[in-house]
Amino acid sequence: MDWWSEVAVYGPGFWNATQLVLLLTLFIILVSWACGLAAALGKLSKIRTIRAISDFYVWFIRGTPTLIQVFIVYFGLPQLGLKLSPFLAGVIALGVNSGAYVAEIIRAGLSAIPKGQTESSLALGISRFDTMRRIILPQVFRIIVPPITNEAITALKNTSLLSTITVVELTLFAQTIIATTFRPFEFYIAVAFIYLLLTTILTQFSGWLERRYAAMS
Amino acid sequence: MSPILRISDLHKNFGSLEVLKGISLQVMPSEVVSIIGASGSGKSTFLRCVNMMEMPDRGTMEFESFRFHFHPGAAGPPPATLSAVRAKIGMVFQSYNLWPHMTVLENVIEAPMRVRRLSRRDSIMEAEDLLERIGLIEKRNVYPGKLSGGQQQRVAIVRALAMRPRVMLFDEVTSALDPELVGEVLALMAKLAADGMTMLLVTHEIAFARDVSSRTIFFDRGIIAEDGSPDQVLREPKSERLRQFLKRILHEDIGKSVNADGHLINNGRN
Numbered sequence: 001m002d003w004w005s006e007v008a009v010y011g012p013g014f015w016n017a018t019q020l021v022l023l024l025t026l027f028i029i030l031v032s033w034a035c036g037l038a039a040a041l042g043k044l045s046k047i048r049t050i051r052a053i054s055d056f057y058v059w060f061i062r063g064t065p066t067l068i069q070v071f072i073v074y075f076g077l078p079q080l081g082l083k084l085s086p087f088l089a090g091v092i093a094l095g096v097n098s099g100a101y102v103a104e105i106i107r108a109g110l111s112a113i114p115k116g117q118t119e120s121s122l123a124l125g126i127s128r129f130d131t132m133r134r135i136i137l138p139q140v141f142r143i144i145v146p147p148i149t150n151e152a153i154t155a156l157k158n159t160s161l162l163s164t165i166t167v168v169e170l171t172l173f174a175q176t177i178i179a180t181t182f183r184p185f186e187f188y189i190a191v192a193f194i195y196l197l198l199t200t201i202l203t204q205f206s207g208w209l210e211r212r213y214a215a216m217s
Numbered sequence: 001m002s003p004i005l006r007i008s009d010l011h012k013n014f015g016s017l018e019v020l021k022g023i024s025l026q027v028m029p030s031e032v033v034s035i036i037g038a039s040g041s042g043k044s045t046f047l048r049c050v051n052m053m054e055m056p057d058r059g060t061m062e063f064e065s066f067r068f069h070f071h072p073g074a075a076g077p078p079p080a081t082l083s084a085v086r087a088k089i090g091m092v093f094q095s096y097n098l099w100p101h102m103t104v105l106e107n108v109i110e111a112p113m114r115v116r117r118l119s120r121r122d123s124i125m126e127a128e129d130l131l132e133r134i135g136l137i138e139k140r141n142v143y144p145g146k147l148s149g150g151q152q153q154r155v156a157i158v159r160a161l162a163m164r165p166r167v168m169l170f171d172e173v174t175s176a177l178d179p180e181l182v183g184e185v186l187a188l189m190a191k192l193a194a195d196g197m198t199m200l201l202v203t204h205e206i207a208f209a210r211d212v213s214s215r216t217i218f219f220d221r222g223i224i225a226e227d228g229s230p231d232q233v234l235r236e237p238k239s240e241r242l243r244q245f246l247k248r249i250l251h252e253d254i255g256k257s258v259n260a261d262g263h264l265i266n267n268g269r270n
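Protein sequences, first through last, are from chains L and W. For reference, each letter of the first sequence is one residue, going 1 to 217 in this note's numbering. For reference, each letter of the second sequence is one residue, going 1 to 270 in this note's numbering.
Given below as structure tokens:
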């Protein structure tokens, strides 16, 4: 029997697992943007404690393995009385992880906006909050589209780590099939292609967004 | 008539460097004050202190119903007060500083909507009226990146005017422009002056200071060294330093119309 057509038999299962990957990625990205923006602005805060917390966050996340962070959230936190579902633990762990990288991207973006942009806004009487929201962040967002897409791609690929905490996403799904079919090559190749398809779509979207912004300036 | 702006004994330090060493100045409504001086003389810093983009260290300032006493290390006025003052004091910068992600019209209506709390409709009506007057109405949906430097600077002026300021500050607004684009910006400023706008302008355009301003001030090392009518200050400088300054600057600009002593030669005017 042709094993490649055997792969196709599992189509619906792959589709479900792929949907789960997309859902995980979506939530992870949302969490990472919230954490990243908070930490990036926190690093610029006048209050020392907030700066210190932001610095510690980025330092800790970037300096420890992602897999260990996932384990801390899923296996470690229950010991402190916080038991999370595999899905929720995965979203939090990977979202907070990605947020540290997003923070650095936003910080670099902020420092790329000339000081005059803020000054001209403040000089008109516009508040600091509105200046950030209306004048600075929209410009930052435009220049960080490529690196932020890279980070989204990393986040998507990192969802495969969640196979270790029983989230039946693509990787764990493939492993369970391989356990009965003994065909790791075909199924891992199939899984790789699905990841490739998803990341390619993200890259294309980023390119489209960049072109659109270029037309609007 | 009472002064619109009353500043006395203003000091500003950057670290150990004392940039302003006690500036006192009263500006009457509709007065057009040009401020000249070498770079580092404190003239731009002074302008930025007037709308508190830099917080002065000492001195007092009165503007309309606002009174400020500055003290070293003090926190400065609360954000709402700062905003209210800045809303009434327009400022235009050397580097235009238009917001590149917004069209010309969006640049102009942003502050009226956020600060004056005008409706979008009313903001647009006012903005289009202003753009019409400076001949840039057909550019209203264009992004700043597509405009020439002169056009960008005129939009920046309109953006400030859309707040209906009582005073306008111009910080070397033609210095970044190509020579052939300086004229259109100066023409707009001359028109504003003629319409009665109170203006403080830091400039290297001596001819403009002479022709348009009602008063000229020479900044030297953090103090006001000379203050008088443009004719007095530019034609009969009292200090050697002003003579040297004019000689240098005029030699670069309009070499021919200045004589060996650094005095401006009367180009058939008066």
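Ideal Cβ placement from N, Cα and C applies to all residues, glycine included.
Around the C-beta of K83/L, fewer than 16 other C-beta atoms lie within 10 Å, and the residue is accordingly described as exposed.
In the structure shown, S217/L falls within a coil segment according to DSSP collapsed to helix, strand and coil. In this model, M197/W and L156/L are separated by some 58 Å (Cα to Cα).
For the C-beta of P56/W, not a single chain L residue is nearer than 7 Å; the gap to the nearest is close to 16 Å. Residues of the same chain with a CB within less than 6 Å of the CB of T60/W, apart from the 5 flanking positions on each side, are S8 and H69 in chain order.
Cβ contact annotation for L202/L (same chain, cutoff 8 Å, sequence separation greater than five): T149, A152, I153 and L156, in chain order. Around A84/W, the beta-carbon contacts reaching into chain L at under 9 Å are G125. By the neighbour-count criterion, in which a residue is buried when 16 or more other Cβ atoms sit within 10 angstroms of its Cβ, L17/W is exposed. The closest CA to that of L41/L, considering only S163/L, L170/L and R133/L, is found on R133/L.
The continuous beta strand (DSSP E) containing E226/W extends over residues I223 to G228. Going by C-alpha positions, M102/W is about 22 Å away from S83/W.
In this structure, the beta-carbon distance from S163/L to G95/L does not fall below 8 Å. DSSP, reduced to helix, strand and coil, places S119/W outside both helices and strands of the structure shown, so it counts as coil.
Against chain W, the CB of R211/L has no partner CB under 8 Å away; the residue lies outside that interface. Annotation: Cβ neighbours of N51/W in chain L (cutoff 8 Å, chain order): A123. For E186/L, the nearest beta carbon of chain W is not closer than 8 Å to its own beta carbon.
Here the C-alpha atom of W99/W lies approximately 16 Å from the C-alpha atom of G90/W.
Membership of N13/W in the beta strand (DSSP E) is indicated by the continuous run L5 to F14. Pairing G11/L with E110/W, the inter-Cα distance amounts to about 52 Å. With contacts defined as CB atoms closer than 8 Å, I4/W and V27/W qualify as a contacting pair. Linking S39/W to T45/W through their CA atoms gives a straight-line distance of about 11 Å. Secondary structure note for M113/W: it is in no beta strand (DSSP E), and the uninterrupted alpha helix (DSSP H) holding it is V104 to R114.
Looking from the CA of P237/W, the closest CA among R166/W, E205/W, G37/W and S119/W belongs to G37/W.
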